[in-house]
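One structure below.
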Amino acid sequence: MPQLPVPEKLNKEKGVEILRVWAEEGNLAIVTNTKVNSDPAFFGIALADLLNHLSFICAQKSGKSQEESRKEIMEVFYKECGPQ
Numbered sequence: 086m087p088q089l090p091v092p093e094k095l096n097k098e099k100g101v102e103i104l105r106v107w108a109e110e111g112n113l114a115i116v117t118n119t120k121v122n123s124d125p126a127f128f129g130i131a132l133a134d135l136l137n138h139l140s141f142i143c144a145q146k147s148g149k150s151q152e153e154s155r156k157e158i159m160e161v162f163y164k165e166c167g168p169q
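Numbering (the working numbering), first residue to last: 86 to 169.
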């Protein structure tokens, strides 16, 4: 499968890839760039943006609302994160 393109609105000279996520038969593999911003707030914003993108995709494919898809993603997210 080909790589996803770099977003057009991004300056390719200044932009930095933060992570890559692969899926194979229900398993995930993640590689992160350790040279990027280490501020937890930065990653919180990135996770929120990713949640919006993924809930949109789920809604489009399932016929559910984006809000319902977002809620389901968050339920599994909190379950996977464990007790706080």
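C-beta atoms are modelled at their ideal positions from N, C-alpha and C, and glycine is treated no differently.
Terminal residues of the continuous alpha helix (DSSP H) containing residue 165?
Position 80 of the sequence shown holds residue 165. Start and end: 151 to 166.
I'd like the list of long-range same chain contacts for residue 97, defined as Cβ closer than 7 Å, with 5 residues on each side in sequence excluded.
For the purposes of this step, residue 97 is identified with residue 12 of the sequence shown, where counting begins at 1. The residues are 91.
Take residue 119 as the anchor and find which of 166, 109, 102 and 108 has the nearest alpha-carbon.
The residue you call residue 119 lines up with position 34 of the sequence shown. Residue 102 is the option with its Cα nearest to residue 119.
I'd like to know whether the C-beta atoms of residue 95 and residue 106 end up nearer to each other than 9 Å.
Here the question's residue 95 lines up with position 10 in the sequence shown. Here the question's residue 106 lines up with position 21 in the sequence shown. No, Cβ-Cβ distance for residue 95 and residue 106 is not below 9 Å.
Restricting to runs no shorter than 3 residues, where is the beta strand (DSSP E) found entirely within the segment 109 to 134?
Entirely contained in the segment 109 to 134, the beta strand (DSSP E) runs reaching 3 residues are, in chain order, 112 to 117.
Express the C-alpha separation of residue 124 and residue 140 in angstroms, rounding to a whole number.
Within the sequence shown, residue 140 is the residue found at index 55, counting from 1. Within the sequence shown, residue 124 is the residue found at index 39, counting from 1. Their backbone Cα atoms lie some 25 Å apart in a straight line.
Are residue 135 and residue 117 close, meaning C-beta to C-beta below 9 Å?
As a position in the sequence shown, residue 135 is number 50, starting the count at 1. As a position in the sequence shown, residue 117 is number 32, starting the count at 1. Their beta carbons are not under 9 Å apart, which means residue 135 does not touch residue 117 by this criterion.
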